[in-house]
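Chemist:
Number of protein chains: 6
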Amino acid sequence: MRLLLINPNTTATMTEKAGAAARRVAAPGTEIIAVNPTHGPASIEGYYDEAMSLAGLLGIIGGRDDYDAVIIACFDDTGLDAARCLTEKPVIGIGEAAFHMAAMLSNRFSVVTTLGRSVPALEHNLTRYGLAARCARVRASEIPVLELEDPLSDACARIGAEVAQAITEDRAEAIVLGCAGMTDLAEGLGRAHGLPVLDGVVCAVALAEGMVRLGLATSRLGGYAPPRFDKG
Amino acid sequence: MRLLLINPNTTATMTEKAGAAARRVAAPGTEIIAVNPTHGPASIEGYYDEAMSLAGLLGIIGGRDDYDAVIIACFDDTGLDAARCLTEKPVIGIGEAAFHMAAMLSNRFSVVTTLGRSVPALEHNLTRYGLAARCARVRASEIPVLELEDPLSDACARIGAEVAQAITEDRAEAIVLGCAGMTDLAEGLGRAHGLPVLDGVVCAVALAEGMVRLGLATSRLGGYAPPRFDKG
Amino acid sequence: MRLLLINPNTTATMTEKAGAAARRVAAPGTEIIAVNPTHGPASIEGYYDEAMSLAGLLGIIGGRDDYDAVIIACFDDTGLDAARCLTEKPVIGIGEAAFHMAAMLSNRFSVVTTLGRSVPALEHNLTRYGLAARCARVRASEIPVLELEDPLSDACARIGAEVAQAITEDRAEAIVLGCAGMTDLAEGLGRAHGLPVLDGVVCAVALAEGMVRLGLATSRLGGYAPPRFDKG
Amino acid sequence: MRLLLINPNTTATMTEKAGAAARRVAAPGTEIIAVNPTHGPASIEGYYDEAMSLAGLLGIIGGRDDYDAVIIACFDDTGLDAARCLTEKPVIGIGEAAFHMAAMLSNRFSVVTTLGRSVPALEHNLTRYGLAARCARVRASEIPVLELEDPLSDACARIGAEVAQAITEDRAEAIVLGCAGMTDLAEGLGRAHGLPVLDGVVCAVALAEGMVRLGLATSRLGGYAPPRFDKG
Amino acid sequence: MRLLLINPNTTATMTEKAGAAARRVAAPGTEIIAVNPTHGPASIEGYYDEAMSLAGLLGIIGGRDDYDAVIIACFDDTGLDAARCLTEKPVIGIGEAAFHMAAMLSNRFSVVTTLGRSVPALEHNLTRYGLAARCARVRASEIPVLELEDPLSDACARIGAEVAQAITEDRAEAIVLGCAGMTDLAEGLGRAHGLPVLDGVVCAVALAEGMVRLGLATSRLGGYAPPRFDKG
Amino acid sequence: MRLLLINPNTTATMTEKAGAAARRVAAPGTEIIAVNPTHGPASIEGYYDEAMSLAGLLGIIGGRDDYDAVIIACFDDTGLDAARCLTEKPVIGIGEAAFHMAAMLSNRFSVVTTLGRSVPALEHNLTRYGLAARCARVRASEIPVLELEDPLSDACARIGAEVAQAITEDRAEAIVLGCAGMTDLAEGLGRAHGLPVLDGVVCAVALAEGMVRLGLATSRLGGYAPPRFDKG
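Chains as they are written, first to last, in the working numbering: chain A, 16 to 247; chain B, 16 to 247; chain C, 16 to 247; chain D, 16 to 247; chain E, 16 to 247; chain F, 16 to 247.
1) Under 8 Å, Cβ to Cβ, is there at least one residue of chain E near Lys-246 (chain F)?
2) How about Leu-101 (chain F) and Tyr-144 (chain E): do their beta carbons lie closer than 8 Å?
3) Are the CB atoms of Ala-151 (chain A) and Arg-173 (chain A) within a distance shorter than 8 Å?
4) Starting from the N-terminal side, write out each stretch of the beta strand (DSSP E) that is 3 residues or longer and does not extend beyond the segment 145 to 177 of chain E.
5) In whole angstroms, what is the alpha-carbon distance linking Asp-81 (chain B) and Ile-48 (chain B)?
6) Against chain B, does Pro-159 (chain D) count as a neighbour if the rule is that its beta carbon must be under 8 Å from one of theirs?
7) Name the chain E residues that come within less than 8 Å of Glu-65 (chain F), Cβ to Cβ?
8) The beta strand (DSSP E) spanning Ala-49 (chain C) covers which residue range?
9) By the DSSP assignment, the alpha helix (DSSP H) with Ile-59 (chain F) in it spans what residues?
10) For chain E, check one thing: does any of its Cβ atoms lie closer than 8 Å to the Cβ of Tyr-5 (chain D)?
11) Cβ of Ile-59 (chain A) within 8 Å of Cβ of Asn-24 (chain A)?
12) Do the segment 26 to 44 of chain F and the segment 27 to 40 of chain E touch if we need at least three Cβ pairs shorter than 8 Å?
13) Does the beta carbon of Pro-52 (chain F) sit closer than 8 Å to a beta carbon anywhere in chain E?
14) Would you check if the distance between the CB atom of Ala-207 (chain F) and the CB atom of Ile-107 (chain F) is smaller than 8 Å?
15) What residues from chain F crowd round Leu-69 (chain E), counting only those whose CB sits closer than 7 Å?
16) Tell me which residue opens and which closes the alpha helix (DSSP H) that Phe-114 (chain A) is part of.
17) With distance defined between alpha-carbon atoms, name the residue in E:Met-116, E:Asp-96 and E:Arg-154 nearest to Ala-136 (chain F).
18) Give the range of the alpha helix (DSSP H) segment to which Asp-96 (chain E) is assigned.
19) I want to know whether the segment 149 to 163 of chain D touches the segment 119 to 138 of chain F - three or more CB-CB distances under 8 Å.
20) Can you tell which of D:Phe-90, D:Ala-98, D:Thr-45 and D:Gly-61 has the C-alpha that lies nearest to the C-alpha of Gly-71 (chain D)?
21) Tell me which residues share the same chain as Ala-113 (chain C) and place their Cβ nearer than 6 Å to its Cβ, disregarding the 5 neighbours each side in the sequence.
22) How long is the line joining the alpha carbons of Gln-180 (chain B) and Arg-154 (chain F), rounded to whole angstroms?
23) Quick one: residues in its chain with C-beta nearer than 6 Å to the C-beta of Leu-69 (chain B), no 5 flanking neighbours on either side, listed in chain order?
24) Residues of chain B with CB closer than 7 Å to the CB of Thr-25 (chain C), please, in chain order.
25) Hey, quick one: how far does the alpha helix (DSSP H) through Ala-207 (chain E) stretch, first residue to last?
26) Hey, out of E:Ala-176, E:Leu-231 and E:Gly-230, whose CA is closest to Thr-128 (chain E)'s CA?
27) Starting from Lys-192 (chain A), follow its DSSP beta bridges and name the residues at the other end.
28) Should Arg-149 (chain F) be labelled buried (16 or more other beta-carbon atoms within 10 Å of its own) or exposed?
29) So with Cβ pairs under 8 Å, would you call Pro-105 (chain B) a contact of chain F?
30) Less than 8 Å between CB atoms is the rule here; does Asn-140 (chain A) satisfy it with respect to chain E?
31) Between which two residues does the alpha helix (DSSP H) carrying Leu-73 (chain F) extend?
32) Taking 8 Å as the CB-CB cut-off, is Leu-231 (chain E) touching chain D?
33) Quick check on the DSSP output: the alpha helix (DSSP H) that includes Arg-39 (chain F) runs from which residue to which?
34) Looking at the secondary structure, which residues open and close the beta strand (DSSP E) in which Arg-17 (chain E) lies?
35) Within the continuous beta strand (DSSP E) that includes Ala-84 (chain F), where are the two ends?
36) Can you give the Cα-Cα distance for Gly-78 (chain D) and Leu-18 (chain E), rounded to whole angstroms?
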């Protein structure tokens with residue numbers, strides 16, 4: 016099967032990193048098509064970047080048909096509802112993917128994300144999904160998204176410090192990493208801190224593969240009905 | 016003062032109707048600048064239209080500075096959070112304006128909107144704002160937005176039928192009309208059914224004028240911090 | 016228009032202070048009638064004072080008809096629901112006014128009030144209004160209401176310390192001042208701490224003026240139906 | 016022990032009926048002191064009556080000391096929080112008593128009360144207490160309180176019809192009768208409909224006796240701290 | 016009347032302690048039958064112990080008929096719903112008993128229990144019962160259940176330290192002790208810390224006696240319908 | 016990989032049906048070990064059956080080690096929390112599996128289950144998981160579990176009638192079938208009614224395979240810590 020993994024920002028190194036993470040866990044026979052828009056924000060940090068990336072994101076989904084499911088590889092699940100109106104194929108956001116998986120592995124989890132400005136959008140997603148009560152706290156490491164691409168950064172140490180605090184202060188039983196750019200940190204942090212640390216990219220791959228194999232499709236009734244292009 | 020009223024869809028007749036409604040209630044000395052994007056959906060009916068109208072909407076807000084507050088004249092409060100990142104001036108959505116006003120005039124209200132496909136987005140806004148518990152039900156009249164522009168339509172009668180049901184079935188004490196295109200129906204429906212019927216356009220004008228006169232501004236801390244345009 | 020601003024306690028200096036604050040922001044042509052009961056508690060600090068001030072408060076509302084809207088100038092929104100049964104004219108509590116305004120300027124706000132004994136009543140109002148999820152925390156400065164009338168008090172500094180903690184500990188994006196006696200502190204605290212600091216008195220004036228100009232009235236259906244004075 | 020049962024309205028026949036119901040279930044050695052204010056509303060139907068009965072109610076509690084616990088015998092739990100500030104002795108409202116008992120005998124219950132105007136106040140109590148999720152629906156029989164005192168009324172039949180609908184439409188597993196005046200109907204309705212039908216008066220007697228025997232007292236910390244009578 | 020008090024674990028000293036506490040508060044004429052299963056966990060610390068004690072617990076309830084009500088004397092309310100399917104007689108868990116009583120004596124309470132592993136089960140009960148919003152926090156003292164049986168333990172001091180923190184950090188107005196083994200600590204802690212400290216065992220006795228005297232029974236409709244033993 | 020699928024009741028035909036459904040969707044290389052306890056209820060219909068099946072269920076999980084993940088194939092997610100204490104390997108309940116999948120394919124879903132007596136347990140699971148707000152209604156078809164094993168039953172037609180009502184009355188966008196015995200009905204009902212109809216058995220297979228391939232494990236911190244077998 017073919018999974019269309021879209022990084023909604025324009026930073027190709029993040030797209031490659033997310034694509035590589037997805038391929039590492041994909042089942043035999045699953046092809047990962049990792050793409051990003053050519054125009055739009057270089058990173059998505061808060062509501063404005065999210066809004067400005069939607070046209071590019073939706074243009075990609077509407078502009079091709081060579082996939083079995085879509086993965087939106089930004090932790091704020093950019094344009095998730097709009098994308099589901101565009102195609103009956105499953106559309107998974109990496110944020111929701113990690114939240115749902117964490118909810119089946121722990122009683123309560125905490126999220127560690129990048130900047131404080133992104134926290135309200137993530138809290139609002141948790142509320143909409145219904146999983147806010149399962150999340151102890153959304154923590155900001157105050158690391159800008161693009162710094163995660165810098166090999167010389169001490170980002171991992173600062174994220175690890177937040178993980179440690181989440182265990183003691185939030186009584187978190189699992190951690191969700193709140194940015195696609197953190198995908199390569201999950202395994203190490205999990206070993207170091209002795210609890211499940213979830214990365215949304217790989218969670219979304221597993222969910223998308225499962226939905227495709229089960230033949231599940233997005234509902235066409237109600238909120239995800241196809242757009243009415245001819246309103247004349 | 017000058018209020019920038021933006022109809023995020025491209026239908027000029029709706030922009031004119033909303034602008035006229037705003038001018039009827041504006042205080043002496045308040046100027047209403049009613050505009051709409053030149054590109055984007057002709058009406059906003061659900062998540063996809065909402066997403067595709069954002070670039071035009073935000074371009075208008077970012078592209079001028081001759082206003083004291085912004086009114087987003089679409090009932091799903093299109094791009095409200097993103098707009099608040101773009102300017103410190105108050106930004107009011109007509110949906111939230113009507114919800115907050117109704118919450119101060121009744122114990123519980125119902126919403127009567129256009130198509131069923133728009134209901135989940137409105138329910139999700141009510142949940143985010145915290146006012147879901149105050150709303151008895153969001154009802155769909157199944158009238159497309161642009162039919163509200165047709166003088167020969169029986170839209171008013173069908174909306175009135177939903178209002179009557181909201182009173183008896185939902186025990187609604189007030190009604191919120193769920194589309195900018197319904198702005199001219201509120202007064203008549205209120206008289207006919209004997210309860211407050213709120214139109215978001217005029218509620219937003221009153222709230223925006225009040226915030227400007229009080230010198231209130233949108234917070235710059237946390238989720239509404241200005242976008243980081245230089246992320247290099 | 017004429018706004019009847021009622022301070023439900025018997026301390027005339029608070030009435031004058033609230034009236035003056037209201038007049039500073041009132042639109043041209045708005046008259047503020049600031050009154051208080053002659054009998055009842057000198058300040059409202061908790062559930063008992065609130066209950067004992069109701070007869071005086073409701074007697075004022077029922078005893079005159081020379082106003083277009085009512086403002087209840089105590090932050091616990093004393094007798095708000097009962098007052099709405101007495102008149103079809105809009106009735107606004109300064110607590111709800113500030114909460115609703117803050118919810119349109121920030122993702123989350125904190126409240127700074129007087130004594131800890133008042134906190135549960137305010138939390139209970141937030142829950143009823145539906146805005147509890149928008150409020151990070153209700154903080155007590157442990158300053159008695161009447162000390163706010165003492166020019167030699169260090170109340171402002173102690174309230175400022177709570178504001179600073181709300182920003183760092185609660186991640187509050189806006190502050191609501193939780194007592195009518197704090198009305199003259201809002202502007203200075205906002206400048207000093209760099210976020211919106213809302214005073215309910217002026218928020219209520221703007222909301223009341225708006226509702227009157229829009230011709231909005233309190234619902235007569237359901238919970239706010241007029242009292243049945245003849246039950247014989 | 017002595018239980019002070021206060022009917023907050025001025026209708027002596029209701030006070031006698033509630034007192035008699037309380038005595039039927041009181042333990043040996045428990046004395047029921049059934050009283051009502053001499054001034055105030057003849058019945059409590061909605062927010063205004065509730066407010067106007069508080070001074071009389073609290074005057075009774077503050078004016079005597081010959082009791083071990085207080086029962087507030089109006090289903091809207093009139094002045095419950097204020098009363099708890101006045102005495103350390105347990106204070107039980109008949110509404111909360113029935114709600115808590117029903118929550119231990121069923122998964123979900125419905126309430127059948129008098130007039131629709133009283134429903135929002137009861138829903139608001141359920142929300143404050145935390146038990147709203149346990150209540151399927153608050154139903155109004157549209158029977159005025161004082162009609163329950165009329166032996167020729169068909170009130171019982173109309174209440175029974177609501178009970179039947181609550182079982183089929185609300186999937187209620189238990190019924191709470193929402194007025195002190197219905198105390199003598201509970202047993203018959205329970206037999207007729209085959210499910211627990213709870214009357215708050217007798218539930219409150221059992222809870223008050225239990226709290227007194229256990230030596231439990233109302234907290235003096237926080238919201239129920241004693242009033243500060245000298246604020247000079 | 017006869018109350019069947021079941022300690023669902025197999026530690027007879029805990030059964031005796033709970034039985035003695037129940038007898039101290041029982042009304043004249045109330046007999047306490049204190050029993051425990053002969054097989055199963057020696058203490059109930061978390062979900063697994065809870066599950067493994069159910070067969071023994073339900074076997075006792077189903078195996079005898081010489082009681083008027085059942086008390087489940089483990090703070091996680093082991094098997095409460097299943098037990099209610101087995102008998103129409105009232106069944107009270109000591110956890111719910113203390114939660115409901117605390118909700119009528121304070122605005123907010125905290126729980127102090129044994130091990131952190133038990134906290135999620137208690138939080139989940141509070142959510143189901145609807146009382147989560149009334150509970151400030153469930154605190155773990157990290158004292159194993161059986162250490163409470165050791166007279167040389169410093170358990171009381173460590174629990175007292177949690178009580179002190181609950182008052183200052185959680186703004187708790189009352190404390191619920193979260194283990195049947197703490198029943199003999201409540202009175203001393205209440206005196207020492209100056210707030211209500213509730214033990215579930217005695218609260219359950221008072222509630223069970225009250226329900227029996229009122230003739231209340233568990234609903235047979237819906238979720239507590241008797242098991243269908245013959246499904247052939 | 017090997018998935019241990021446990022039907023917690025003792026009806027082998029249900030075990031075979033669930034095992035066959037699982038094998039139809041399992042990835043190449045996935046072995047389904049479908050088992051059931053030899054003692055316990057023949058079907059799980061409500062709280063009592065659930066409790067009485069736990070010892071058998073947990074005995075199977077604790078008694079073997081030849082699996083990579085566990086699927087609990089009863090829709091009430093029998094013993095899910097207790098099972099997670101017994102093994103670090105992922106444990107998925109078919110109820111939660113279907114709920115989480117439906118939440119990623121629709122804005123709101125309804126559940127169609129067997130008997131009304133089972134509804135409260137399912138509602139309580141939805142509340143615990145946090146997904147209650149995503150579920151419009153849990154509907155009972157009043158078909159006993161074992162009737163689903165009878166080829167001559169008209170069960171499918173009666174379940175279809177509930178599906179149709181869920182679309183019109185609940186505005187459900189997707190349907191979750193609320194019993195493992197309905198697994199073979201999902202595809203046909205989905206085609207007939209034109210919306211996603213989810214069966215928990217196959218959803219759980221996809222989730223379990225995904226978690227195993229990602230190397231995810233159940234948290235050992237907090238509520239799912241391993242049982243303390245030696246408490247001496």
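Where is the CB? At the ideal position from N, CA and C, for every residue including glycine.
All figures in this text were calculated on a predicted structure; none of them were measured in a lab.
Modeler: With the given structure in hand:
1) Lys-246 (chain F) belongs to the set of residues whose beta carbon lies under 8 Å from a beta carbon in chain E.
2) No, they are not a contact pair.
3) For Arg-173 (chain A) and Ala-151 (chain A), no; Cβs fall outside 8 Å.
4) Complete beta strand (DSSP E) runs here, min 3: 150 to 155.
5) In a straight line, the C-alpha of Asp-81 (chain B) is about 9 Å away from that of Ile-48 (chain B).
6) Residue-level contact by beta carbon fails for Pro-159 (chain D) and chain B, as no gap is shorter than 8 Å.
7) Here the neighbours are Ala-97.
8) First-last of the beta strand (DSSP E) with Ala-49 (chain C): 46 to 50.
9) Element bounds for Ile-59 (chain F): n/a, residue is neither H nor E.
10) Look at the range of chain D in this structure, 16 to 247, and you will see that residue 5 (chain D) is not part of it.
11) Against a cut-off of 8 Å, the Cβ pair of Asn-24 (chain A) and Ile-59 (chain A) comes out as a contact.
12) The answer is no - the segment 27 to 40 of chain E does not touch the segment 26 to 44 of chain F, with fewer than three Cβ pairs under 8 Å.
13) False, the Cβ-Cβ gap to chain E never drops below 8 Å.
14) Cβ atoms of Ala-207 (chain F) and Ile-107 (chain F): not closer than 8 Å.
15) The answer, in chain order, is Ala-66 and Leu-69.
16) First-last of the alpha helix (DSSP H) with Phe-114 (chain A): 109 to 118.
17) With distances taken between Cα atoms, Ala-136 (chain F) lies closest to E:Asp-96.
18) Per DSSP, the continuous alpha helix (DSSP H) segment holding Asp-96 (chain E) begins and ends at 95 to 101.
19) Contact fails: fewer than three Cβ-Cβ distances are below 8 Å.
20) When C-alpha distances from Gly-71 (chain D) are compared across D:Phe-90, D:Ala-98, D:Thr-45 and D:Gly-61, the shortest belongs to D:Ala-98.
21) Around Ala-113 (chain C): Val-191, Leu-213, Gly-215 and Cys-218.
22) Approximately 24 Å, taken between the alpha carbons.
23) Closer than 6 Å at Cβ, skipping near neighbours: Gly-94.
24) Those do not exist, as Thr-25 (chain C) stays about 26 Å from chain B at its closest Cβ, beyond 7 Å.
25) Ala-207 (chain E): member of the alpha helix (DSSP H) spanning 201 to 208, first to last residue.
26) The residue with the shortest Cα to Cα distance from Thr-128 (chain E) is E:Ala-176.
27) Before going further, note that residue 192 (chain A) is Leu rather than Lys in the sequence given. Its beta-bridge partners are A:Val-127 and A:Asp-214.
28) Around the beta carbon of Arg-149 (chain F), a 10 Å sphere encloses 16 or more other beta carbons of the protein chains shown; the residue is thus reported as buried.
29) Among the CB atoms of chain F, none fall inside 8 Å of the CB of Pro-105 (chain B).
30) Asn-140 (chain A) does not count as touching chain E.
31) Note, Leu-73 (chain F): alpha helix (DSSP H), 69 to 78.
32) Yes, Leu-231 (chain E) lies at the interface with chain D (some Cβ there is under 8 Å from its Cβ).
33) It spans 27 to 40 - the alpha helix (DSSP H) in which Arg-39 (chain F) sits, taken as one unbroken run.
34) Arg-17 (chain E) -> beta strand (DSSP E) spans 17 to 21.
35) Looking at the DSSP string, the run of the beta strand (DSSP E) that includes Ala-84 (chain F) is 84 to 87.
36) Approximately 39 Å, taken between the alpha carbons.
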